[in-house]
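Have a look at the structure below before the remarks.
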Amino acid sequence: MKQVVHAACPHDCPDACGVLITVEDGRATKIQGDPEHPVTRGFLCAKVAKYLDRVYSPDRVLYPMRRIGPKGPVTGQRSFAPHDRIKDPVLHNQKPDSQEQKKIWERISWDEALGEIAARFRAIAAEFGSEAILPYSYGGTLGALNGASMDRRFFHRLGASQLERTICSAAGEAGLKSVLGVKLGTEPEQFRHSKYIIAWASNIHGNNVHLWPFISEARRAGAKLVVIDPYRTRTAECADWYLPINPGTDAALALGMMHVIIGENLHDADYVAKYTLGFEQLREKVKEYPPERVAQWTGIAARDICKLAREYASVRPAVIRLNYGVQRSEGGGMATRTIVMLPCITGSWKEVGGGLQMSVSGAVDFNTATLKRPDLMQTALGRPARTINMVELGRVLNQVNDPPVNALFVYNSNPAAVCPEHNEVVRGLLRPDLFTVVHEQFFTDTTDYADIVLPATTFFEHKDLQKAYGHYYLQVSNQAIAPLGECRSNVEMFRGLAQRMGFNEDCFRESVDEMIDEALESEDPWMRGISRERLERGQVRLNFAASGAELRSARPGQRPGGPTQAKAIPANPTTAEPFLPFAHGGFRTPSGKAELYSEAVRAMGLDPVADFTPPTESRHGKKDSALPLELLARKADNFLNSTFSNVPSVQEMEETGLLEISAADARARGIANGDRVRVFNHRGDILLKARVDGKVQAGVVSASLNWAKMTSGFQSINALTSEKLTDMGNSATFYSVLVEVELSKPSP
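The structure is reproduced here in C-alpha cells:
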C-alpha cells in the first residue's frame with residue numbers, strides 16, 4: 023500500500039519545513055517538501071533531502087546496549103544486532119558488526135535497560151540525593167513533545183538537577199527581549215517587499231535557505247543585499263555589498279550607525295516619541311561612537327559605516343535578518359540589543375518589509391506548564407531543584423560539587439562534540455564513578471562514554487507538534503513509519519522509565535494526542551481556533567485576526583499591539599494580511615515601549631543603554647601576544663551542529679578538517695595551502711589542513727565543528743573554546759577565542 027504522510031522537520035533550523043513522506047508497504051521511499059507550506063514552499067535543504075539515508079543508515083542504534091568494555095572512542099561502531107536484522111532492503115545489507123564493537127557492547131532488552139537505570143538512579147539518590155542526577159539535552163529535536171515534555175515531567179518528579187539550556191541562543195534572546203520584551207519579528211514572506219536587506223551574522227543561503235527565495239524576489243525588484251559577517255559565507259558571496267567585520271565588534275558597529283542616523287536626523291522622530299523609552303540617553307551614548315573610532319574596532323572603514331547607516335535609514339522599507347552568530351561572543355547580549363535598536367529608531371517596524379527578524383518563537387504560547395509539570399519538583403523535593411549551566415559541563419563533572427554529579431542522562435544532544443572545553447568534558451565523562459545513559463540514533467562522540475545506550479526514533483517514526491522560530495505557522499508532524507528495531511521516542515522512553523521508577527501520576531500515562539491537545543489549550547488569542555485535528559490536515563498560521571484596536575490596547579505581559587489584521591483567517595494562508603507586530607508600539611516590556619534604556623539591563627550590571635567592550639580573548643581585549651589569532655569555531659555549512667556529520671551522502675557535500683587562514687597570516691608562518699598545521703592555545707590543540715582561500719581577514723582563522731571520532735586523532739575544535747559565559751543569558755562564547763597556528767611537525 024502507498025500513502026503520503028504530512029510531517030514537519032524538527033531539526034534546529036528556523037524554517038521548520040513542511041514535509042511529505044511517501045510510504046510504500048511500511049517503508050519510507052521518498053521525502054519531499056510540502057508545496058502547500060506558504061514559507062518553505064515545496065523544497066528541502068540538501069541535508070534533509072537526503073534524510074532517507076539517515077533513517078535507514080546501517081549505523082542506526084536499533085537496540086538497547088550495555089557497555090562491557092572500557093569507555094573511550096573506538097572507530098567502526100555499528101548497530102549491534104547480529105541475531106535480528108531488520109528485514110529492510112537497506113538495513114539487511116549492513117556490514118557485519120566489528121569485533122571491536124563486540125568487545126565493548128552487549129545487546130540487552132528494554133526491560134533490562136530500564137531496570138538497570140532505575141536501580142542506579144535509586145542508589146545514587148539514596149546516597150547523594152536526587153540532584154546528583156543531571157539531564158542533558160538541547161535542540162536535537164524542536165518538537166514540542168519530544169523536545170520538552172515527558173522528559174521534563176520525569177526529571178522534575180525525580181528531583182534531578184535542572185539544566186540551564188543556554189548553549190546556543192540565550193544571549194541573543196536576552197538582548198532581543200531587553201528591547202522588544204518578546205521574541206517577535208518580521209515574517210519571512212515580507213522580505214519580498216524589502217528594498218534594503220541586511221544579513222547580519224546570518225548565512226541565509228546556508229542555514230535559513232527558505233528565506234532566500236523571498237530575498238531573491240526582492241532583489242529582482244531592485245532591493246540591495248548587504249552582508250555583515252567576519253566570514254565570507256555563501257550568502258556573502260551572493261551579496262551586493264559584503265562588509266567583513268572583526269569578531270565580537272558588532273555592538274560597536276550598531277552604535278556607530280546610530281551615531282550617524284541620530285546625528286543626521288535620519289531617525290523617525292514621531293515613532294521614537296510615541297513608542298520608545300530612553301531615546302535621549304541613547305542620543306548621548308552614541309556620541310561616544312563616531313565612525314572613525316568604530317572603524318578601529320570593527321575593521322570597517324569609517325566612510326563605509328556612514329554609507330551603511332545612511333542607506334539603511336533612507337531606503338525604505340529596510341529589514342535586518344539577524345542570526346545567532348552575533349551573540350556567540352563575550353558581549354553577545356549587548357551586541358544583539360544594540361542591533362535590535364536600529365528598526366526602533368528608524369520606525370521601520372511600521373512598514374511591510376521592514377523591521378528585523380532574529381526569532382519569532384515568542385508568538386506561540388503553548389501550555390508549557392502542563393507539558394513540563396514543574397510542580398512535580400515540589401513532590402520530589404518540596405522546592406525547586408538546583409540548576410546547572412550546560413555550557414559548564416566540563417567544570418561540573420570535574421570539580422567537587424555538593425552533591426556531585428554522579429549520573430548523566432543525555433538525549434537530544436551530543437555534548438562530547440558540542441560543548442566547549444572538550445578536553446575537560448571528556449575527562450569528566452571518563453570518570454569511573456559517573457553513570458551515563460545516552461538515548462541516541464547513532465553511536466556519537468557521547469555514546470563513546472556511555473554505560474547504557476538506548477535506541478531513539480527519527481521524526482519519521484513518531485508524532486509531534488511543531489512550531490518554528492523563523493515563521494508563524496504551526497504543524498503536526500505525523501508518524502510515517504513504525505519505529506525501526508526497538509527504537510523509542512523520547513516520550514515513550516521517559517514514560518517507560520517513569521513507570522519503572524514507580525511514578526504514579528496520571529501525566530505519565532497520557533497519550534501523544536492527549537499531550538498535543540493539552541499543549542494547544544492556551545488562553546492566547548493568537549492560538550484561538552487551532553486544534554490538533556486542524557493541524558493534522560496541514561500547517562496553520564497563528565490567529566492574528568483580532569482587530570487592531572484590541573491589540574493596541576494590550577498591556578505588558580499580554581499580546582502586543584500593532585498589527586492591523588484581517589478579522590478572519592483566510593482559507594488560503596498565502597493571502598493573509600501582513601503581520602506587523604510593532605507598527606503601533608505594543609512592545610512587551612515593562613514600559614510597553616521599545617526600551618532603549620532598560621532598568622533590567624542595569625540590574626545585570628551592564629550599561630542600561632548600550633556600550634561596547636572588546637571581548638577578553640580578542641585583538642582588542644587583554645591580548646596574549648603568544649595567541650594573536652581570533653578563532654571562529656563555526657558550524658559546518660552542510661551539517662547541523664553535530665547532526666548529519668556521520669551520514670556519508672551528507673559528508674560528500676562538506677570538506678572537513680580545514681583551517682581557513684588569510685594569505686598574510688599564512689605567509690607570516692611559512693604555511694602554504696594544504697599544509698598540515700597545529701592550532702593551539704592553553705586549553706588544547708588540534709591538527710588541521712590549511713586552506714588559504716580568502717574566506718577570513720587577517721587576524722582571523724576559522725574551523726568547523728565535527729565529531730571527534732571522525733578525525734584521525736579524536737580531536738575537536740571545541741578543545742580550543744572556553745566555558746566563559748556571555749554578558750547576558752549565560753550562553754557560550756564560541757567566537758571569543760584566541761589561538762596560534764604553526765606548521766605541524768612530522769611524527770617521529
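In this text, residue positions in the sequence shown follow the numbering used here: the first is 23, and each later residue adds one. The beta carbon of each residue, even a glycine, is placed where N, CA and C say it ideally should be. Since we're looking at a predicted model, the values are computed, not measured.
Legend entry - residue 277, DSSP secondary structure in three states: helix
Legend entry - Minimum C-alpha distance to residue 678 - residue among 474, 734 and 506: 734
Inset, instruction - For the region 43-51 and the region 222-239, state whether three or more C-beta atom pairs, one from each stretch, are separated by less than 8 angstroms. - result: no
Legend entry - Buried/exposed call for residue 60, threshold 16 Cβ in 10 Å: buried
Legend entry - Between the CA atoms of residue 690 and residue 163 - distance to the nearest angstrom: 44 angstroms
Inset, instruction - Can you give me the start and stop residues for the alpha helix (DSSP H) that residue 534 sits inside? - result: 534-541
Inset, instruction - Can you tell me which of the three DSSP states residue 758 falls into? - result: coil
Inset, instruction - Could you name the residues that DSSP lists as bridge partners for residue 652? - result: 722 and 760
Legend entry - Beta-carbon contacts of residue 200 that lie in its chain and below 6 angstroms, excluding the five residues immediately before and after: 359, 620 and 623
Inset, instruction - Identify, in the order they occur along the chain, each residue of the same chain with its Cβ nearer than 7 angstroms to the Cβ of residue 406, setting aside the five sequence neighbours on each side. - result: 399
Inset, instruction - Tell me whether the beta-carbon of residue 191 lies closer than 8 angstroms to the beta-carbon of residue 755. - result: no
Legend entry - Beta-carbon gap between residue 724 and residue 334 smaller than 8 angstroms: no
Inset, instruction - State the start and end residues of the unbroken beta strand (DSSP E) segment that holds residue 293. - result: Element bounds for residue 293: not the beta strand (DSSP E) but the alpha helix (DSSP H), 291-297.
Legend entry - the region 177-192 touching the region 462-475, judged by at least three CB pairs closer than 8 angstroms: no
Inset, instruction - Report the option in 743, 499 and 726 whose CA atom is closest to the CA atom of residue 561. - result: 499
Legend entry - Same chain only: Cβ atoms within 7 angstroms of residue 36, ignoring 5 sequence neighbours per side: 230, 490, 491 and 492
Inset, instruction - Measuring alpha carbon to alpha carbon, tell me which of 419, 378, 355 and 290 ends up nearest residue 368. - result: 290
Legend entry - Exposure label - residue 693; buried when at least 16 CB within 10 Å: buried
Inset, instruction - Quick one: which unbroken beta strand (DSSP E) runs of 3-plus residues sit fully inside the region 315-383? Chain order, please. - result: 340-344 and 377-379
Inset, instruction - Could you check the C-alpha separation between residue 198 and residue 396 for me, to the nearest Å? - result: 26 angstroms
Inset, instruction - Identify every residue that forms a DSSP beta bridge with residue 432. - result: 158 and 460
Inset, instruction - Write down the C-beta distance between residue 42 and residue 33 rounded to the nearest angstrom, noting that I regard them as a contact closer than 8 angstroms. - result: With a Cβ gap of about 17 angstroms, residue 42 and residue 33 do not count as contacting.
Legend entry - Inter-residue spacing [alpha-carbon to alpha-carbon] between residue 303 and residue 629: 11 angstroms
Legend entry - According to DSSP, residues forming a beta bridge with residue 499: 486
Legend entry - residue 70 at chain C interface by Cβ criterion, 8 angstroms: No chain C appears in this structure, which consists of one protein chain only.
Inset, instruction - Would you mind giving the Cβ-Cβ distance between residue 133 and residue 512, rounded to the nearest angstrom? I have them listed as a contact below 8 angstroms. - result: About 19 angstroms; that fails the 8 angstroms criterion.
Legend entry - Limits of the unbroken alpha helix (DSSP H) element including residue 670: 670-673
Inset, instruction - Confirm, please, whether the CB-CB distance from residue 412 to residue 158 is below 8 angstroms. - result: yes
Inset, instruction - Would you mind sorting residue 668 into buried or exposed? The rule is 16 or more other CB atoms within 10 Å of its CB. - result: buried
Legend entry - Local conformation of residue 212 per DSSP, three classes: helix
Inset, instruction - Measure from the alpha carbon of residue 242 to the alpha carbon of each residue in 501, 219 and 256, then state which is nearest. - result: 219
Legend entry - Other residues of its chain near residue 479: CB distance less than 6 angstroms, five sequence neighbours each side excluded: 505, 509 and 511
Inset, instruction - Please state if the CB of residue 609 and the CB of residue 55 are separated by a distance shorter than 8 angstroms. - result: no
Legend entry - Proximal residues to residue 729 (C-beta, below 7 angstroms), its chain only, five neighbours per side dropped: 439, 466, 467, 664, 667 and 668
Legend entry - Host beta strand (DSSP E) of residue 186 (start-end): 184-186
Inset, instruction - Determine the closest residue to residue 150 out of 126, 746, 444 and 429, with distance taken between C-alpha atoms. - result: 429
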